[in-house]
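Everything below concerns the one structure shown next.
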Amino acid sequence: MLSIRKRIHKGLFVVVVLVCLFIILLWNSPLPVITSQLHDRAASKVVVTVYYEALCPDSKYFLAKQLLPTFKIAKSIMEVKLAPYGKAKTKQYNGKITFDCQHGPTECQANIYHACAAEMIEDPLLRLEVATCMIMDNRLPEEAMYKCAKQFNFDVTIIQNCFESNRGVDLLKVIGEATHLLRPPVTFIPTITIDGSQGRQESILKDLFSEICKAAGDSEEVKDVCQN
């Protein structure tokens, strides 16, 4: 009887160790796909994930001066995922989800519009152009979205329907969960990862194009993009 108990205890110990290892691996694994922004993902592309806030001046600068210009040149070798959440907090009470955003309720609204646009706009360049357009003046998020829809000629109805339904809230919640899983945690906005790594943040913020080229390898396609 004693030997049976020892074997049971030993078996339980092994199970506990395996569970702990699984949790550690899961905790440190690459972030899940934030939304369906990766329809067009090519396996060889460098994946750039931008954790930002819709009313953050540094986020606005990065999207306008680094991300969009770089993507226009290097879109054949890079993939962009947008995570408009930043240092926000998600609250859930009696089945209702709300957000507490760093720059107030208006930013929460703007973040949801950004999340909806990122989800609903399939073309990668248009998706990024719209996000950059909206972030230039998100003090009135709905007005910004309509203005950018007119400028880039996309269907504003699907974005507005997403915002007004639970879809937008659900999208931002998923983005928030991915943001909270980031290790090390977000301390500066925007935070950018390249293929899941947070290394070289200062260089990324100043010269994203060079960092993309370093990460992309040395294929002929990369050389064509990075050396011309």
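Going by UniProt numbering, the sequence shown opens with residue 1, and the numbers climb by one from there. We put the CB at the ideal spot given by N, CA and C, even for glycine.
| Asked | Found |
| --- | --- |
| Rounded to whole angstroms, what is the Cα-Cα separation between residue 236 and S44? | This structure leaves residue 236 out entirely; the chain is present only between 1 and 228. |
| Along the alpha helix (DSSP H) that carries E202, what are the first and last residues, could you check? | 201-206 |
| Can you list, in chain order, the residues of its chain with a C-beta nearer than 7 Å to that of I121? Leave out the 5 residues immediately preceding and following it. | R127, V130, F154 |
| Which same chain residues end up closer than 8 Å to K72 when comparing Cβ atoms and leaving out the 5 residues on each side of it in sequence? | L125 |
| For T187 and A88, I'd like the C-alpha separation in whole angstroms. | 12 Å |
| What are the boundary residues of the beta strand (DSSP E) that A64 is part of? | Looking at the DSSP string, A64 is not in any beta strand (DSSP E), and its letter there is neither H nor E. |
| Closest to L63 by C-alpha separation, out of D224, K206, D123, would be which residue? | K206 |
| Does the count of Cβ pairs from the segment 102-118 and the segment 132-151 closer than 8 Å reach three? | yes |
| Would a C-beta distance cut-off of 8 Å place L171 and E107 closer than the cut-off? | no |
| How many angstroms separate the CA atom of C101 from the CA atom of Q109? | 9 Å |
| I need the DSSP call for A79, collapsed to helix, strand or coil. | It should be pointed out that residue 79 corresponds to Glu in this sequence rather than to Ala. Note: E79 maps to strand in three-state DSSP. |
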